[in-house]
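A quick write-up on the structure given underneath.
There are 2 protein chains.
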Amino acid sequence: MRQIILGFTFSIALCAAASAQEIAPQTIQQAAELREQALKSDLAWKVLESLTTEVGPRLAGSDADKAAVKWGMAKFKELGFDKVWTEPVNIPVWQRIHQSAAVISPYPQSLNITALGGSVSTKQGGITAQIMHFATYEDLVAAPVGSAKGKIVYISNKMERHPSGRGYGKSGPARFLGPAEAARKGAIAIVIRSVGTDNQRSPHTGMTSYAQGVDKIPAAALSNPDADQLDRILLRKQPVTLKLDIKTAEQAQAISYNVIGEITGSERPQEIIAIGGHLDSWDQGTGAVDDGAGIAITVAAAKLIAEQQRPKRTIRVVMFAAEEIGVFGGNQYAVAHKDELNNHIIGAESDGGAGNVLALSSNVGRQSLHAIDAMLALMAPLTVVRSDKVAGGSADFGPMVKAGMPAVGLEQDHLVYFDIHHTPDDTLNKVVPAELAQNVAAWAIFVKIAADWKGRFDR
Amino acid sequence: MRQIILGFTFSIALCAAASAQEIAPQTIQQAAELREQALKSDLAWKVLESLTTEVGPRLAGSDADKAAVKWGMAKFKELGFDKVWTEPVNIPVWQRIHQSAAVISPYPQSLNITALGGSVSTKQGGITAQIMHFATYEDLVAAPVGSAKGKIVYISNKMERHPSGRGYGKSGPARFLGPAEAARKGAIAIVIRSVGTDNQRSPHTGMTSYAQGVDKIPAAALSNPDADQLDRILLRKQPVTLKLDIKTAEQAQAISYNVIGEITGSERPQEIIAIGGHLDSWDQGTGAVDDGAGIAITVAAAKLIAEQQRPKRTIRVVMFAAEEIGVFGGNQYAVAHKDELNNHIIGAESDGGAGNVLALSSNVGRQSLHAIDAMLALMAPLTVVRSDKVAGGSADFGPMVKAGMPAVGLEQDHLVYFDIHHTPDDTLNKVVPAELAQNVAAWAIFVKIAADWKGRFDR
Chain A
1 MRQIILGFTF
11 SIALCAAASA
21 QEIAPQTIQQ
31 AAELREQALK
41 SDLAWKVLES
51 LTTEVGPRLA
61 GSDADKAAVK
71 WGMAKFKELG
81 FDKVWTEPVN
91 IPVWQRIHQS
101 AAVISPYPQS
111 LNITALGGSV
121 STKQGGITAQ
131 IMHFATYEDL
141 VAAPVGSAKG
151 KIVYISNKME
161 RHPSGRGYGK
171 SGPARFLGPA
181 EAARKGAIAI
191 VIRSVGTDNQ
201 RSPHTGMTSY
211 AQGVDKIPAA
221 ALSNPDADQL
231 DRILLRKQPV
241 TLKLDIKTAE
251 QAQAISYNVI
261 GEITGSERPQ
271 EIIAIGGHLD
281 SWDQGTGAVD
291 DGAGIAITVA
301 AAKLIAEQQR
311 PKRTIRVVMF
321 AAEEIGVFGG
331 NQYAVAHKDE
341 LNNHIIGAES
351 DGGAGNVLAL
361 SSNVGRQSLH
371 AIDAMLALMA
381 PLTVVRSDKV
391 AGGSADFGPM
401 VKAGMPAVGL
411 EQDHLVYFDI
421 HHTPDDTLNK
431 VVPAELAQNV
441 AAWAIFVKIA
451 ADWKGRFDR
Chain B
1001 MRQIILGFTF
1011 SIALCAAASA
1021 QEIAPQTIQQ
1031 AAELREQALK
1041 SDLAWKVLES
1051 LTTEVGPRLA
1061 GSDADKAAVK
1071 WGMAKFKELG
1081 FDKVWTEPVN
1091 IPVWQRIHQS
1101 AAVISPYPQS
1111 LNITALGGSV
1121 STKQGGITAQ
1131 IMHFATYEDL
1141 VAAPVGSAKG
1151 KIVYISNKME
1161 RHPSGRGYGK
1171 SGPARFLGPA
1181 EAARKGAIAI
1191 VIRSVGTDNQ
1201 RSPHTGMTSY
1211 AQGVDKIPAA
1221 ALSNPDADQL
1231 DRILLRKQPV
1241 TLKLDIKTAE
1251 QAQAISYNVI
1261 GEITGSERPQ
1271 EIIAIGGHLD
1281 SWDQGTGAVD
1291 DGAGIAITVA
1301 AAKLIAEQQR
1311 PKRTIRVVMF
1321 AAEEIGVFGG
1331 NQYAVAHKDE
1341 LNNHIIGAES
1351 DGGAGNVLAL
1361 SSNVGRQSLH
1371 AIDAMLALMA
1381 PLTVVRSDKV
1391 AGGSADFGPM
1401 VKAGMPAVGL
1411 EQDHLVYFDI
1421 HHTPDDTLNK
1431 VVPAELAQNV
1441 AAWAIFVKIA
1451 ADWKGRFDR
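As they're listed, the protein sequences go chains A and B.
Going by this note's numbering, 3 is the number at position 3 of the first sequence; the sequence numbering is gapless.
Just add 1000 to the spot in the second sequence (first one is 1) and you have this note's numbering.
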């Protein structure tokens, strides 16, 4: 969206086009109060502590996933949400059973890996083959078909660290597409350097996908220190033989649930401000950052608003099912609610960890930009600035945004997010309480303005 | 030792008692030059990179331990040491096979553990029992005999972070003595919070010991985030049931080797300056910090000295066997060399990681304190100060020092050492090259002065 000069006063609302709905001074005042309350509140922390402790890791389709759904229902009810219900989501079930890797020659030693989500197993007892090294996914793409025949492909490039998390886009394809591409080149397996910015022996899992017409080959990620080690061994210019032993299971389809809680609006209850995060996590950590934080932030923002004064529109918090394994909850939500699209006034998902909100993006009609400006003015004390990105609704609200739902994006600091993303180290101690509270403050401002303002954000 | 006012000039040597041997100005000058060369040299880094890459983890008694012995011999020869040999050391062999832990109730989830070194196995398929929680080892000691009957004891106190590493002494007993004490109280197993200062899911192993007359019970350490998680679960005040599945093996005695390399002295070759580190490591990491760094630092210091001018006394570098599992190499060295004790002019082991040397301790006769002063004056640009501790020779030279060998201690910064000590994260990327070089510079000064000075350090 275009850059607009931002005035850091409430007067901006008054300067908006005559046709635009004004934001009531009381709403502005209440939003400012909510910001201060949120900064002092430990509600999000308590919600996050409860989820990560009482449920822990919650891979979609696991017993813990069922426990998470129960937890979500109970938490909404405990916090006094007006309506609480679940909506079924059909999901595939994948399970990690065991995984190991070892250099067989020239320097025998074990390496620390994790199977990528969706990976098939090696044959019983594992496979042993020579490594074929590619610096990048693009190099693998450029290799002739069949050139990796019988080899284990290894892609070694390390993700760049940046507050925007932009390195994920550059290094991610090795994980998303590498296995299919390696199979196309004849490889019998693939290992990649973890898509992550840390220097710990905590390998990063995450979904991969296979392609039709090529073999499904076992796929795993080395932790960054293990990738460093393999790089050093490869520098010795001798053939390197790796053993890979991975066992996973694909089980029958299962049903998980989007868990939904609402604070019913006082004046336009049929109109919905839709927020949320995803309830599932990877199996290695307790999903504190991905995405327990998103659940906690949005639940807490809605609850703080409701405690102050019933919002004029309905606030709907969705705990999405099965995001990690393929956005099943988000896709199902868009299908189930397509007839209510017009009632979804605006939406946003929190799925960027627990780091501070740095910027607010939007994807709204011009007539509503002064409402975005008002949010930004209120968020200024939180050092949130305008983003020039177009908000896409994140993974789970993506389908709704594609269908036409207006959206904002509360973009978070990703400087350290990809240190622990999808690793065993995604645990509660990585969350900074003050940063979590800053998120709640920003979300409360967005939701309060959107809920109580009379205008619409239609694009 | 007493504090002595330190003059930062070379004149201090001249002020020493008339009976003391002077340190030749040329020796002082050469030591100063060595300091500057060491700071610019990457030799220690190259040695460390070679050991950790080409051997990797090297638990005493493993195949990799044998590879490490070969590596040590080859490295000494490659670097031109005058004499290179091995001395056999009889060792027990312990092996980690698998380990897992899970909360069974009230919140089912797996926890990340590591078996302590020497731990026995659980019965096949694991054991399940209620946890009995103690805040500290001292609390466990205070509990009545039999009070933990049938329970899994859990000790939760976290190690203090301090540059001196003093928290290890306070938290260590939970690991060293906890299993025997828990057995005394009737427990069927023990888990402790890792003795470590990090916040990563890398549990800290390390040797434990059992006591005669009490059962050997399985013993493991939780990573710090897992201990945090268990603490939070325990705060819910419900009985907590844990499943523990550990398989280890004790094999027949084996032979490992102290690997020894010497630079022969030009004037008093029978007189030895004895330095070194331990060659074995724990099995979880590549032992970059513990104790690849000690090997690399002492090898590099000896080599740099030899390159400048043959030392007057012999410099002996010992790569000790099997320190981690019970100082077998160090004890055997003292036995094998007891008749040469008087020829061991002074000794020191580097086994404190790769952090900067902060202070120099000593354990020498008063007649030689001016030589220590000279070392300190030369180390002043490295910001090394006098320590008031009595040097004990570290683990491996401990028996020699007890027998009477004079010693110094180059005390390192331990602020972050216990983040990775005995964890899978003890890998090369945790070593800062400039800090490694600072160590070499300090060691080169100590060894050069000790080797070329005519006096003795006898206590």
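Ideal Cβ positions, reconstructed from N, Cα and C, are used throughout, including at glycine.
This structure is a prediction, so every number in the text was calculated from the model and none was measured.
| Check | Outcome |
| --- | --- |
| Chain-ordered chain A contacts of E1054(B) [CB-CB under 7 Å] | Y107 |
| Segment limits, beta strand (DSSP E) that includes K151(A) | Segment: none, K151(A) is in no beta strand (DSSP E) and carries neither H nor E. |
| Under the three-state DSSP convention, the category D228(A) falls into | helix |
| Backbone CA spacing between R268(A) and I345(A) [nearest angstrom] | 11 Å |
| Which of helix, strand or coil DSSP assigns to D452(A) | helix |
| 7 Å Cβ cutoff met for A1038(B) and V1440(B) | yes |
| Pair within 7 Å by beta-carbon distance, G1329(B) and M1207(B) | no |
| Own chain partners of R310(A) with C-beta closer than 6 Å, once the 5 adjacent residues on each side are dropped | S266 |
| CB contact below 7 Å: D425(A) versus chain B | yes |
| Proximity of S1164(B) and R1193(B) at Cβ, strictly below 7 Å | no |
| Chain B contact for A441(A) (CB, 7 Å cutoff) | no |
| Inter-residue CB distance, V259(A) and L79(A) (contact presumed, cutoff 8 Å) | Wrong, their Cβ atoms sit about 13 Å apart, outside the cutoff. |
| A1441(B) (DSSP reduced to helix, strand or coil) | helix |
| Collapsed DSSP secondary structure at L1079(B) in the structure displayed | coil |
| Three-state secondary structure assigned by DSSP to G393(A) | coil |
| Any C-beta of chain A under 7 Å from that of D1280(B) | no |
| Nearest to E181(A) (by Cα), restricted to the options A252(A), F457(A), D215(A) and R166(A) | D215(A) |
| Buried/exposed call for P25(A), threshold 16 Cβ in 10 Å | exposed |
| contact_flag[the segment 245–257 of chain A, the segment 88–106 of chain A] where n(CB pairs < 8 Å) is 3 or more | yes |
| Cβ-based burial, H98(A) [other Cβ within 10 Å; buried from 16] | exposed |
| Exposure of L1382(B), with buried meaning 16 or more beta-carbon neighbours within 10 Å | buried |
| Other residues of its chain near E465(A): CB distance less than 7 Å, five sequence neighbours each side excluded | There is simply no residue 465(A) to check, as chain A begins at 1 and stops at 459 in what is shown. |
| Chain B within 7 Å of N157(A), Cβ atoms only | no |
| Residues, ordered as in the chain, of the segment 1227–1243 of chain B that lie near chain A by beta-carbon distance below 7 Å | D1228, Q1229, R1232 and I1233 |
| Cutoff 8 Å; reference I1305(B); Cβ partners in own chain excluding five residues on either side | L1034, I1263, P1311, I1315, A1444, V1447, K1448 and A1451 |
| Exposure of C15(A), with buried meaning 16 or more beta-carbon neighbours within 10 Å | Summary for C15(A): the model assigns pLDDT 45, below 50, so the residue's position carries little reliability, and this model does not support an answer. |
| Close-in-space but distant-in-sequence residues of the same chain around A148(A) (CB under 7 Å, 5 per side omitted) | M132, A182, K185, G186 and A187 |
| Neighbouring residues, chain A, relative to P1203(B) (Cβ below 7 Å) | Residues of chain A passing the Cβ test: none, with the nearest at roughly 11 Å. |
| First and last residue of the uninterrupted beta strand (DSSP E) at P173(A) | Unbroken run through P173(A) is the alpha helix (DSSP H), G167 to F176; no beta strand (DSSP E). |
| Amino acids of chain B, ordered along the chain, whose beta-carbon sits closer than 9 Å to that of E323(A) | The contacting residues do not exist; E323(A) stays about 20 Å from chain B at best. |
| Classification of P1218(B) by the beta-carbon crowding that lies within 10 angstroms, buried from 16 upward | buried |
| Nearest-angstrom Cα separation, counted from V1401(B) out to G1409(B) | 11 Å |
| Among G455(A), Y168(A) and G277(A), the one whose alpha carbon lies nearest that of F418(A) | Y168(A) |
| Under the three-state DSSP convention, the category T1205(B) falls into | coil |
| Cβ neighbours of F397(A) in the same chain (closer than 6 Å, five flanking residues each side left out) | G347 and E349 |
| Own chain residues within Cβ distance below 7 Å of I12(A), not counting five before or after | For I12(A), the pLDDT reaches just 45, beneath the cut-off of 50, and the residue's location in the model is therefore unreliable, although a value from the coordinates is still provided. Result list for I12(A): H370, D373, A374 and A377, in chain order. |
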